[in-house]
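Shown next, in structure tokens, is the structure this report addresses.
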Amino acid sequence: MSSPGMDEASSIQLCSGSEASRENRVKQGLKMDCKEAADEVDKTVAAMEKRKTSQSQPGCRDDCKDVGAGCELVKKFQLSRVMLPDDANVMGNVHGGKILKMIEEAGSIVGTRHCNTQNGDRCIAALVRVEKTEFLSPVFIGEVVHVSAEISYTSKHSLEVQVKVIAENILTGAKKLANKAALWYVPCSLQNVDKIMEVPPIEYASAEKEEEGRKRYEAQKIERMETKARVEEVMPPRPNSEEAAKERHTVGFSQSSLIHLVGPSDCTLDGFVYGGVAMKLMDEVAGIVAARHCNTNIVTASVDAINFHRKIRKGCVLTVTGRLTFVSNRSMEIEVLVDADSLVERQIEKYRAVSAFFTFISLDKENKPLNVPPLKIEGDDEQKRFEEGKSRYLQNKARRLAEKERQQ
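Using numbering that gives the first Met the number 0, read the sequence shown as starting at 0 and increasing by one per residue.
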């Protein structure tokens, strides 16, 4: 601030200095604007060059933001959905089949996205196997289910997707782990459904992770082939109701079937049944079997590996049949088989499409486990299946105990 005694010359000099300063600032601002503009041009050029590079990469789609294999953009996916009354039984417990359907949807989306990051035919990820999955916590009406899927391993023609299910109570904010699962998919060309496409590789956090994935791949491949050979036998029909009513708690008494005509809403873009649709039907049949056996509220406790042996086309009639194979004090193992019969292509004979073992438990009104009535065995075949089921039960029990000790 100038003093009262400042002369005119000093004032003029100060004003001149101010004007000069303003002019310098303007020039400096122009320089800054030019520099920023130049930087933007450089960024644009770099982005165009990167885009050209990505277009030349065989493992990356044109619009992918990451160059090369293992694009993080498509390795993960999450879907969320509120559970409604239609999703649950009369006690308010959400059907296990509903959770399985959501798991498959998330896995199919992330698998299809990843497989279409490569040039060539567009394809869709088809489910071929679900590893053993346990329902760790019950899910109820009104809770929001968050399903997160991530690709964990890729072979030349298949990919493994790890899925985690979190149930959230939106009133309290409490969250719980409801389910974990591992699914295997193969990419099928939309132009030729019998053509299996190659899977773009992913990048692994370490060589150990890749080796662990390779071992899981080899193990499931062997087991899938063994299961396919074992389940080709035809399941005998359920005895008539009068005969079955005389002998409660037998295999024949609770054996159940569902008939389902495959329509467009059940199918993918290439006209084949969603894996989740088949799994939901299988869970419904297994639930009917379990309810008939113990006549109480029942819920899905776990599912052994679900193997998809052959594709199911639109227009097929599905016969989904379940029967008890083993019963412990607190659980029931139910074998579920899906047979497909085409109404359109009569030259295709009825075939076994899917197989799995479901485990159910009985609950009281407070959702606490109840004892299960023992299973009455009739014949050598039922005894053989019972012993095989008992072996699976003991193996799973030992595995759970070992895992629990490891966590402690």
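We put the CB at the ideal spot given by N, CA and C, even for glycine. Computed from a prediction, not measured in an experiment: that's the story for all the values here.
Out of curiosity, what's the CA-to-CA distance linking residue i and residue j?
i	j	result
residue 359	residue 301	7 angstroms
residue 266	residue 181	22 angstroms
residue 407	residue 222	31 angstroms
residue 403	residue 118	45 angstroms
residue 161	residue 216	13 angstroms
residue 204	residue 78	24 angstroms
residue 388	residue 250	13 angstroms
residue 367	residue 201	43 angstroms
residue 183	residue 269	19 angstroms
residue 274	residue 158	15 angstroms
residue 307	residue 321	16 angstroms
residue 314	residue 401	46 angstroms
Quick one, are the C-beta atoms of residue i and residue j less than 8 angstroms apart?
i	j	result
residue 335	residue 355	yes
residue 323	residue 337	no
residue 271	residue 148	no
residue 297	residue 361	yes
residue 82	residue 141	yes
residue 156	residue 127	no
residue 372	residue 248	yes
residue 225	residue 257	no
residue 369	residue 295	yes
residue 144	residue 80	yes
residue 327	residue 392	yes
For a test of your reading of the model: does the CB of residue i fall under 7 angstroms from any non-hydrogen atom of the ligand NAD? Yes or no.
i	result
residue 397	Because no ligand of any kind appears in the structure shown, any question about the ligand NAD cannot be addressed here.
Quick check on residue i: buried or exposed, where buried means 16 or more other Cβ atoms within 10 Å of its Cβ?
i	result
residue 277	buried
residue 89	exposed
residue 98	buried
residue 380	exposed
residue 102	buried
residue 86	buried
residue 405	exposed
residue 219	buried
residue 378	exposed
residue 186	buried
residue 365	exposed
residue 115	buried
State the start and end residues of the unbroken alpha helix (DSSP H) segment that holds residue i.
i	result
residue 288	274-293
residue 90	Residue 90 -> no alpha helix (DSSP H), and no H or E assigned at all.
residue 178	Counting along the chain, residue 178 falls outside any alpha helix (DSSP H), though it belongs to the beta strand (DSSP E) covering 174-188.
residue 385	379-406
residue 250	250-253
List the endpoints of the continuous beta strand (DSSP E) containing residue i.
i	result
residue 338	331-341
residue 161	158-167
residue 147	143-153
residue 129	122-129
residue 266	Unbroken run through residue 266: none, as it is neither H nor E.
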